[in-house]
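Numbering (full-length UniProt numbering), first residue to last: 1 to 161.
Idealized CB from N, CA, C, for every residue including glycine.
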Amino acid sequence: MEEIKNGIIHSFGNKLRIRVCGICMDDNKILLVKHHSLGESGILWAPPGGGISFGETAEEALKREFLEETGLSVSIEKFLCVNEYLSLPLHAIELFFLVKTTGTLKLGTDPELQANQQIITDVEWLSIDALQLLPKNSIHGILHNIQASADVLHLSGYFNY
1 MEEIKNGIIH
11 SFGNKLRIRV
21 CGICMDDNKI
31 LLVKHHSLGE
41 SGILWAPPGG
51 GISFGETAEE
61 ALKREFLEET
71 GLSVSIEKFL
81 CVNEYLSLPL
91 HAIELFFLVK
101 TTGTLKLGTD
111 PELQANQQII
121 TDVEWLSIDA
131 LQLLPKNSIH
141 GILHNIQASA
151 DVLHLSGYFN
161 Y
């Protein structure tokens, strides 16, 4: 576990990262990736996404990240909001987009981490009801106030979860 946390800090810590995240809803379910060794509880359910590389557009990064983490292709419907995450040594500005997916869902990997440091353990369509049953400290802050799928469409502005 310590090796994984060191890998996270080495790959993502002590720098500002610009990330893209895609929120995908289907039949009152949201697509989420489960990470271990992240968050207060050691588990974090979050929308798929990741860092933008230098020279890469936000759209290109989001398409790449979805493919890496979920095996799905995406098209962007619209920009939703910005979230600033700051819990040293991690600091990220996250751009959230509403997306549509095509393809077959599969568990992916994070190529920024070594094989023995992988943190993605599951990828699932969770119902809004199931999401609400999870402890708040195990889900991304942007999802804390989602009570119905329509709430996703009202995400706008700046957040700092």
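DSSP state of S138, grouped into three classes?
Translated into positions along the sequence shown, residue 138 becomes position 138. In this structure, S138 counts as helix in the three-state DSSP scheme.
Using a 10 Å radius around the Cβ and a threshold of 16 neighbouring Cβ atoms, would you call P111 buried or exposed?
Position 111 of the sequence shown, counting from 1, holds the residue named residue 111. Exposed, because fewer than 16 other Cβ atoms sit within 10 Å of the Cβ of P111.
Who pairs with T57 in a beta bridge, going by DSSP?
Counted from its first residue, the sequence shown places residue 57 at position 57. Per DSSP, none; premise fails for T57.
Kindly indicate the opening and closing residues of the beta strand (DSSP E) around L32.
For this step, residue 32 is matched to residue 32 along the sequence shown. Per DSSP, L32 belongs to the beta strand (DSSP E) from K29 to H36.
Measure the alpha-carbon distance for L32 versus G141 and round it to whole angstroms.
Position 32 of the sequence shown holds residue 32. Position 141 of the sequence shown holds residue 141. Taking the straight line joining both Cα atoms gives about 13 Å.
Can you give the Cα-Cα distance for L126 and L143, rounded to whole angstroms?
Taking the first residue of the sequence shown as position 1, residue 126 is located at position 126. Taking the first residue of the sequence shown as position 1, residue 143 is located at position 143. Spanning the two alpha carbons is a distance of roughly 12 Å.
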